[in-house]
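Asker:
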Amino acid sequence: MVMAGHRKSGFSIIELMITVAVMLVLLMLAMPSFEGMRLRAAIRGAGEQTLGFWNQSRLEAAKRNQMVKVGVVEAGSEFCLGAATTADPDDGEACDCFLADTTDPAYCDVARFPGPGNQAEWKGVTLSGTPTLGSDLDGLAVIEPKRTSLADTDAAGTISLAGPPGQFAYKLNLHVDAFGRATLCESTTATQHLPDYGGRTCAD
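Residue numbers for the sequence shown follow the working numbering, beginning at 2 and rising by one.
1. Could you pull the DSSP bridge partners for residue 113 from this structure?
2. If the criterion is Cβ atoms closer than 8 Å, does the pair residue 62 and residue 144 meet it?
3. State the beta-bridge partners of residue 202 as determined by DSSP.
4. Give the secondary structure of residue 126 by DSSP, where H, G and I count as helix, E and B as strand, and everything else as coil.
5. With residue 147 as the anchor, note down where its beta strand (DSSP E) starts and where it stops.
6. What are the boundary residues of the beta strand (DSSP E) that includes residue 94?
7. Check whether the Cβ atoms of residue 83 and residue 96 sit closer than 8 Å, and answer yes or no.
8. How is residue 162 classed by DSSP in three states: helix, strand or coil?
9. So, do the region 76-94 and the region 118-128 have three or more beta carbon pairs nearer to each other than 8 Å?
10. According to DSSP, is residue 101 part of a helix, a strand, or is it coil?
11. Roughly how many angstroms lie between the CA atoms of residue 201 and residue 133, to the nearest whole one?
12. Excluding the five sequence neighbours on either side, which residues of its own chain have a C-beta within less than 7 Å of the C-beta of residue 57, listed in chain order?
13. Grab me the residues of residue 168's own chain with a C-beta within less than 8 Å of its C-beta, minus the 5 sequence neighbours each way, in chain order.
14. Do residue 47 and residue 162 count as a contact pair if the criterion is CB distance below 8 Å?
15. From the DSSP output, which residues share a beta bridge with residue 142?
16. Between which two residues does the beta strand (DSSP E) containing residue 176 stretch?
Dropping the structure here:
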C-alpha cells in the first residue's frame, strides 16, 4: 500500500512578505517614540551634569575655604563649564575650561566639564541664548566659602540648555538663587515638555 506523502509545513512567500510589511509598519510607528526617548535622555543628562557641577563647586569652596568662581565659556558652537579658586569676590574673568595646560594661569584648578576635545559628552545639547547667571549676565558667578552663597546676590540667574536637534525641542534651565542654591526647571519657552518637569518651570 502506498502511503500519501506528508505536506511540509512552512511559510509561503506571500506570508513572509505580509509579516515583513507588518513589522516595518510597527517599526515606523515606534520610531518617533525612540527618537523622543533619545532626546529626553540627552537633555536630562546634560541638566543633571550641570547641576552636579555647580553643587561640586559649592562643596569645593567650603572644603578649601576659598571663593570659587564658576563660569560658562563658549567657543563657536562649543561650550564648557569651569570652576577655579579666586581671591576677588568681583572677579569677572572665567577660567578657560578648554585649556589642557595646568600651568596656565587661566586653567580651571577646581573642575571643568567636559574636558578639552570631549564635546561629545554633551550628547548634542547646546546653550540656549546667553546665560543670565552673573552680575554682568556673563555666565560667571563667585561662590563664597562660609555659606556657599553667591558673593554678589545680583549674580543670581540661569543657564539655559537646549536639547539636540530633532523632532522634539526640549529646554532645561539651571537656576541659581542668591543663596547659591541651584535647581533644574523646564524653560517656560520650551515647545515640548518633559513629563517629570511639568510642575517646575522658570524663565530663561
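Quick reminder that beta carbons are idealized off the backbone N, C-alpha and C, glycines included.
Answerer: Looking at the coordinates:
1. 83.
2. A contact, by the Cβ cut-off of 8 Å.
3. 187
4. coil
5. No beta strand (DSSP E) holds residue 147; DSSP gives it neither H nor E.
6. Note, residue 94: premise wrong, no beta strand (DSSP E); not H, not E.
7. yes
8. The answer is strand: DSSP assigns residue 162 an E or B state.
9. yes
10. coil
11. 18 Å
12. 112
13. 33, 36, 37, 40
14. yes
15. 71
16. Here the beta strand (DSSP E) through residue 176 covers 172-177.
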